[in-house]
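Heads up: the structure comes next, in structure tokens.
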Amino acid sequence: MTAYGLLVTPSHNRVYAQAAADLLKAELTVFSEQALGGRLGDIRETAMGGVPYVTFSADELTEQDVRLLSNLSGLYALFQIEGELLRPVALQPLDLFGSDLLTIQKYSGKTNEYFTKLLLNVTAMAMDSPMDLVTGRPRVLDPMCGRGTTLNQAMMYGLDAAGIDIDAKDFDAYAAFIKTWLKNNRVKHQAETANIRREKAVLGRRLHVTFGASKERYKSGETMEITVVNADSVGAGKFFRPASFDLIVTDAPYGVQHGSRPKGAQPGRKGKPQLSRSPVDLLAAAVPEWARLLRPGGAIGISWNTFVGRREQLADILRTAGLDVQDSDAYRSFRHRVDQAITRDLIVARRP
1 MTAYGLLVTP SHNRVYAQAA ADLLKAELTV FSEQALGGRL GDIRETAMGG
51 VPYVTFSADE LTEQDVRLLS NLSGLYALFQ IEGELLRPVA LQPLDLFGSD
101 LLTIQKYSGK TNEYFTKLLL NVTAMAMDSP MDLVTGRPRV LDPMCGRGTT
151 LNQAMMYGLD AAGIDIDAKD FDAYAAFIKT WLKNNRVKHQ AETANIRREK
201 AVLGRRLHVT FGASKERYKS GETMEITVVN ADSVGAGKFF RPASFDLIVT
251 DAPYGVQHGS RPKGAQPGRK GKPQLSRSPV DLLAAAVPEW ARLLRPGGAI
301 GISWNTFVGR REQLADILRT AGLDVQDSDA YRSFRHRVDQ AITRDLIVAR
351 RP
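Structural data, given as structure tokens:
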């Protein structure tokens, strides 16, 4: 057996940094259980030289193992431990673009980009073919995408992505950002925004972006797509085909940001149903619709504020929609504090 050490990425967010090693340990355990046949053992947090590492033991890692582990959200560097010496292992991350794609946007309510990557990763590990994250091209949906952190992470991985958000300002902000970023970074692309019409009625707006990782790929037709719809996620089936996504990943309302108008809600301003800030009400209305968009063998991952919803409630909603909740100790080890009003957790389920 060979000993390895993962150097934990330093985070600018002090509170997230306190939880980073524990989150990386849980993420690594999920990777081992779901994709690596449980071959990683003795996973623990270890301080070396006063710096936090997550260490583990395994038979010598294969190139494909390293390709997978290179995408761990909290990984800064990987070393093979030889006595008191650390031998660097060259990483092979999926990232196609610079990190500014994820970090340049600053706004109130933005989900930490490290956690967004973690949520996408552990959801992908629940698919029937978890190694598709690095060897395939799973299609991603964020049905409450806000200003697009999940979409940008999917884009970093070279995946096609789609999003829905009810907030017109967030839709406009993301459209402006992604068009500007692609232009400034000289990424060959086409982008258009148009109304979505059914029987002469406008149901919402759609942003559709086609781009290539390089000019050569774009010209050869090897492109990626981002589609964002400005509409209520409860009606997601109006905009996307059934079983058309491999992954559904979203950050549910914390009681402050985002929302939806569930069927049966009481009238609010201008006669429209009131906007619900409860993740339980929102998810009970939306998850059955989202589940129909997920292919058999695909997975859904949801993060939420535990102060406004219990894990058991979310698990019941997912099971009622016909999904199998992933309930191992590792999948139950992601709860962490964000601030005084938010303790965040995640839950993952697979469509049989």
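So in UniProt numbering, spot 96 of the sequence shown is number 96, and the numbers just go up one at a time.
Don't be surprised by glycine CBs; every beta carbon is placed ideally from N, CA and C.
Nearest to Ser-99 by alpha-carbon distance, out of Glu-113, Val-280 and Gln-340, is Glu-113. Fully enclosed alpha helix (DSSP H) runs of no fewer than 4 residues occupy 149-156 and 168-184 of the segment 148-212, in order along the chain.
The segment 141-150 and the segment 306-315 do not touch, with fewer than three beta-carbon pairs separated by less than 8 Å. Per DSSP, Leu-120 is one residue of the alpha helix (DSSP H) stretching across 113-124. In the same chain as Lys-238, and ignoring 5 residues on each side of it, the C-beta atoms closer than 7 Å to its own belong to Leu-203, in chain order. When DSSP states are grouped into helix, strand and coil, Gln-80 belongs to the strand group.
Within its own chain, the residues whose Cβ lies closer than 6 Å to the Cβ of Asp-95, once the five positions on either side in sequence are excluded, are Met-156, listed in chain order. Looking at the backbone, the Cα of Met-1 and that of Asp-59 are separated by about 5 Å. Nearest to Lys-179 by alpha-carbon distance, out of Ala-90, Thr-193 and Ala-168, is Thr-193. Apart from the 5 residues on each side of it in sequence, Val-338 sits with its Cβ closer than 6 Å to the Cβ of Arg-344 in its chain, given in chain order. Using a 10 angstroms sphere on the CB of Gly-221, the tally of other CB atoms stays under 16, which defines it as exposed. Considering only Arg-205, Ala-17 and Arg-310, the residue with the shortest C-alpha distance to Val-51 is Ala-17. The distance from the Cβ of Leu-247 to that of Thr-116 is about 13 Å, inconsistent with a contact at the 8 Å cut-off. Judged by DSSP secondary structure, Leu-283 falls within the alpha helix (DSSP H) whose first and last residues are 279-293.
When secondary structure is reduced to three states using DSSP, Ile-317 falls in the helix class.
Boundaries of the beta strand (DSSP E) around Asp-345: 342-350. With 16 or more other Cβ atoms from the protein chains shown falling within 10 Å of its own Cβ, Leu-6 counts as buried. Assigned with DSSP and collapsed to three states, Ala-231 falls in coil, not helix or strand.
As the crow flies, the alpha-carbon of Arg-292 is around 5 Å from that of Pro-242. DSSP, read as helix, strand or coil, puts Arg-39 in coil.
Under the DSSP assignment, Arg-310 falls outside any beta strand (DSSP E); it carries neither an H nor an E label.
Secondary structure note for Asp-251: its beta strand (DSSP E) is the uninterrupted segment 245-251.
Per DSSP, the continuous beta strand (DSSP E) segment holding Thr-2 begins and ends at 2-8.
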